[in-house]
Each structure stands twice: as structure tokens, then as C-alpha cells.
Amino acid sequence: MAMRTDVAIIGGGIMGSALAYWLTRLAPRLAVAVVERDPGYRQASSALSAASIRQQFTTPLNIRISQASLEFLRGVGATLAVGDEPASISVHEAGYLCLADEEGAPRLRLAHGVQRAHGADVLLLEPAAMAARFPWLATAGLALASYGQSGEGWFDGYALLAAFSRKARAQGAQYLRGEVVAIERAGGRLVALGLADGTRLACGVAVNAAGPWARAVARLAGIELPVFARRRTVFVISTRARLEGLPLLVDPSGFWIRPEGAQFIGGLAPRADPDDLPLEPDYASFEEELWPALAARIPAFEEARLERAWAGYYEINVFDHNAIIGPHPSLPNLYFVNGFSGHGLQQAAAVGRGLAELIVEGRYRSLDLSPLGFERLLENRPLHEGNVIG
Ligand SMILES: Cc1cc2nc3c(=O)[nH]c(=O)nc-3n(C[C@H](O)[C@H](O)[C@H](O)COP(=O)(O)OP(=O)(O)OC[C@H]3O[C@@H](n4cnc5c(N)ncnc54)[C@H](O)[C@@H]3O)c2cc1C
Numbered sequence: 021m022a023m024r025t026d027v028a029i030i031g032g033g034i035m036g037s038a039l040a041y042w043l044t045r046l047a048p049r050l051a052v053a054v055v056e057r058d059p060g061y062r063q064a065s066s067a068l069s070a071a072s073i074r075q076q077f078t079t080p081l082n083i084r085i086s087q088a089s090l091e092f093l094r095g096v097g098a099t100l101a102v103g104d105e106p107a108s109i110s111v112h113e114a115g116y117l118c119l120a121d122e123e124g125a126p127r128l129r130l131a132h133g134v135q136r137a138h139g140a141d142v143l144l145l146e147p148a149a150m151a152a153r154f155p156w157l158a159t160a161g162l163a164l165a166s167y168g169q170s171g172e173g174w175f176d177g178y179a180l181l182a183a184f185s186r187k188a189r190a191q192g193a194q195y196l197r198g199e200v201v202a203i204e205r206a207g208g209r210l211v212a213l214g215l216a217d218g219t220r221l222a223c224g225v226a227v228n229a230a231g232p233w234a235r236a237v238a239r240l241a242g243i244e245l246p247v248f249a250r251r252r253t254v255f256v257i258s259t260r261a262r263l264e265g266l267p268l269l270v271d272p273s274g275f276w277i278r279p280e281g282a283q284f285i286g287g288l289a290p291r292a293d294p295d296d297l298p299l300e301p302d303y304a305s306f307e308e309e310l311w312p313a314l315a316a317r318i319p320a321f322e323e324a325r326l327e328r329a330w331a332g333y334y335e336i337n338v339f340d341h342n343a344i345i346g347p348h349p350s351l352p353n354l355y356f357v358n359g360f361s362g363h364g365l366q367q368a369a370a371v372g373r374g375l376a377e378l379i380v381e382g383r384y385r386s387l388d389l390s391p392l393g394f395e396r397l398l399e400n401r402p403l404h405e406g407n408v409i410g
């Protein structure tokens, strides 16, 4: 079968769907097709995410992206409404609390300076102030904390994905079930995608929005992308104790925890981090690492019960832990939106808008995302993000 579209998006997760929404909003006459091989999103990072949003980054552009995304999320009900049905994504602005020991305190202080300079509402707390504000916290071994008083928290990530895709369809985007297995080039340009069922999808522009599988898609075009699928487990935990005002807490030992309804979810950065592990939760790490560290930091969790767990992939950009956004210089009509390294869900709204502007108008208008372009990899100019959680 032969088909044609103006823009073909490979992958219909949060990046592909946010982009489809913005493209069809900015250019209603543009033909946009989203090719997704797993329409139930059983393995997509966007469906397996902790869906939290923060301003506590070390890269100023990441702070700006999250601020712009937050503005979008606050107004999402009306913006992504279809007909008289509003979108609902349950935004909880309960903050992040990043803890540091003596060794980590100077880095936290430095990052705090960058965040304040870019308008983030973050506060430094010494141990006595932490204990007064968060009485359930054991402050032994802590030297400093950084707390987001507003503009940080979490939301329903799957609902956001569904809302973007529903609105994109309502605005004319077409979602095709299929797997992209070939990229056809001619005269220095990409001309078509080949799907596993034999369909040839001719297109003016293609976008790699394949999340943890983006490296395999890039290879179809002969391009090396340093993005790797690294498994992360999310544990659902319950305790009878009440933990008033628990934000998303990040411990110096590497674990994070936050409320999720009447329960809690948490995870930790694995010691060994191989690529492409099967998406089975790493239950052993709960008993051996997470629970002891959690109970030491918040003694109420001594009574914790593990309810269930799931695993998803971080799509880690090992070059500098920041996203790679924009076209590849050697193939200017193949765009990338990959490598978000654990902070993609919160960035999708602003990044989708920026990339749509670049595709439709040839330049960024709302937010200049060019520092995240592919050129920095080719010129070996990393833009390191120092605050990667989990
Ligand atoms: C456990 C966990 C916790 C996280 N916590 C947070 C958080 O708190 N805050 C935050 O901002 N981010 C978080 N993230 C990261 C965030 O979820 C991701 O950055 C984001 O979801 C990536 O979206 P995506 O659309 O690029 O990828 P995905 O959602 O994985 O979508 C990619 C899609 O491409 C499809 N695809 C792949 N190859 C092909 C092909 N060849 N043909 C057709 N389709 C294809 C796949 O089926 C998939 O549906 C977390 C991630 C995980 C796993």
C-alpha cells in the first residue's frame, strides 16, 4: 500500500502526540500521520512514568522548558478540551525536596543559584529548618535541602498522553497502527518510511519520536544516536502513618518517593545499568536497597508494605543527559525529539510546541531550543544536566 503525508511522526507517545497536537494547531492544513506500533502503550515510557515536574535542574534551558510546560499543564482542561469535554490530568503542585549530605551540599547550593536566577521558587533549608517543616524526616547525615515552594509536583501522565492524542486527532492528525522498519533516502533527503506490513508512507518531513527505541530508528537512516533504554522500577508502597506535606523527596542515597493517592510511589537509581533489560520489576532492590534507605530517612516507612511494582525505560542520552531536538545536519528533513533521560513527560508540552514551530516556520518562536540541537553532539559540545533523578 502507498500513502502520503506532510509530516510522519514515528512513535505516538507523549513526544509524538504533543508534537501532533501542536502541528495541527499551528498549521491546520498540514497532513500529519503518527505511526505507532503499540497503540495500547504497554511498553511506552509515557505510560510507565512517574509523571512529575520540577524546576530543580542545573541547565537553565531545562528550567525554562519546565516553566513553560507547567503553564500549559495548569490550563490543560480548556486547551485540550474536545467539544464540551475538558481534559483532566490532576495536577498536584506539592513540590520537590532534594536532600544533600556534606559532600553534595556545594552542588545543591550551586544549582540553587542557577534556579533562583531563572525564576524558580526554590528555598534552601538547613537541617533544623527541615526538621521543623517536615517532622517525619530523619535529618541525620543531611547538610542541606532544596525545596520547591511552587511550580513543582506531579500529574496524571497517561491522562496527558490521552488528551494530547485525542485533541490531535480532533484537529485532523491521523494515527496509523504500524512499525517503521525502513527509511528511504534519495538525493540527500528522506523521502518515505517503510512499515512492517509493506506500506510505503511518503512524507515531506519525518520525526523520530520513538522514545527508548529511538537509536534503532536512527540507525534505519544510518545515524548514530547515543540514546539507550535503561530499566527503572517504580514501587507502589503503603503505610498507615500520615506524612503531612510529603513532597517528591530525593535522597542523597539515590532513592525518590512521593505520594500517589492514598499510597506512595518510589524508585532508585540502579547500581549497574545495562541496556534493554526486559521490563520486569527489580523486586530484589526494594528489599535490599530502597526499603532500608527509605526507613532510615522517613522512619514511618519501617511499617511499609510493597503493594506492587512496574518497570519502564528511561531513554538515557549518555552524551550529556539532555534531550536531542531538531534535524540532523546530514538529513535535514529527519527531526529528532529524543534522549530526555528521565524528564521528558514534563517537557513534552513546551518541546512539542517548539519543534512544531521549527517544522512549520523554520525557527523557534516561543522558546529557543537550539542549544539542544544535534549539532552539539557532532561538535562534541556537551550540555550536561547535573540533576538526573533515579
Ligand atoms: C519509571 C519512569 C519514571 C519517569 N518519571 C518521570 C518523571 O517523573 N517526570 C518526567 O518528566 N519524566 C519521567 N520519565 C521519563 C518520561 O516518561 C519519558 O521521557 C517520556 O515518556 C518519553 O516519551 P516518548 O514519547 O519519547 O517515548 P515513549 O512514551 O516510549 O513513546 C515512544 C513510542 O514509540 C513507539 N515506537 C518505537 N519504535 C517504533 C517504530 N519503529 N515504529 C512505530 N512506533 C515505534 C513505541 O511503541 C512507543 O509507544 C520517567 C520514565 C520512566 C520509565
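21 is the number of the first residue of the sequence shown in the working numbering; add one for each residue after it. Glycine included, each C-beta is placed from N, C-alpha and C at the ideal position. Quantities reported herein were computed from a predicted structural model and do not represent experimental measurements.
In the DSSP assignment, Q194 falls within the beta strand (DSSP E) that extends over 194-197.
Looking at the backbone, the Cα of L50 and that of V380 are separated by about 9 Å. For secondary structure counted as the beta strand (DSSP E) over 3 or more consecutive residues, the segment 238-319 holds these complete runs in sequence order: 247-258, 268-270, 275-280, 283-288. When secondary structure is reduced to three states using DSSP, T78 falls in the coil class, being assigned neither helix nor strand. Take A137, set aside five residues on each side of it, and no residue of its chain has a beta-carbon closer than 7 Å to its own.
Secondary structure at G214: strand, using DSSP grouped into helix, strand and coil. At least one heavy atom of ligand 1 lies closer than 7 Å to the C-beta of V55.
Distances from the CA of R62 to each of R250, L90, M23, Y333 were compared; the closest alpha carbon is that of Y333. For T99, the enclosing alpha helix (DSSP H) starts and ends at 96-99. Closer than 7 Å to some heavy atom of ligand 1: that does not describe the Cβ of A40. L213 and A149 have their C-alpha atoms some 57 Å from each other. When DSSP states are grouped into helix, strand and coil, P391 belongs to the helix group.
Within the model, the alpha-carbon separation for A53 versus A38 is close to 13 Å. Secondary structure in the segment 338-371: no alpha helix (DSSP H) run of 4 residues or longer lies completely within the stretch. Using a Cβ-Cβ distance cut-off of 8 Å, the segment 300-320 and the segment 219-226 are not in contact, since fewer than three pairs of beta carbons, one from each stretch, lie closer than that value. Counting only residues of its own chain and dropping the five nearest sequence neighbours on each side, V256 has a CB closer than 6 Å to the CB of Q283, I285, E327, R328.
In chain order, I243, L354, F356, F394 place their CB closer than 7 Å to the CB of H348, counting only its own chain and leaving out the 5 sequence neighbours on each side. The shortest C-alpha to C-alpha distance from A71 to any of G362, L215, E105 is the one to G362.
Shown here for Y384: same chain residues with a beta carbon closer than 8 Å to its own, the five before and five after excluded, namely G374, E377, L378, S390 in chain order. Annotation for M23: the continuous beta strand (DSSP E) segment containing it runs 22-30. Annotation: the continuous alpha helix (DSSP H) that includes Y178 extends over 177-190.
Closest by C-alpha distance to A289, out of R317, M21, S305, I73, is S305. Here the C-alpha atom of S110 lies approximately 6 Å from the C-alpha atom of D176. Beta-bridge analysis with DSSP links G332 to R252. In the three-state scheme derived from DSSP, where H, G and I count as helix and E and B as strand, R396 is classed as helix. When secondary structure is reduced to three states using DSSP, Y41 falls in the helix class. E113 is positioned such that its CB atom lies closer than 8 Å to that of S170.
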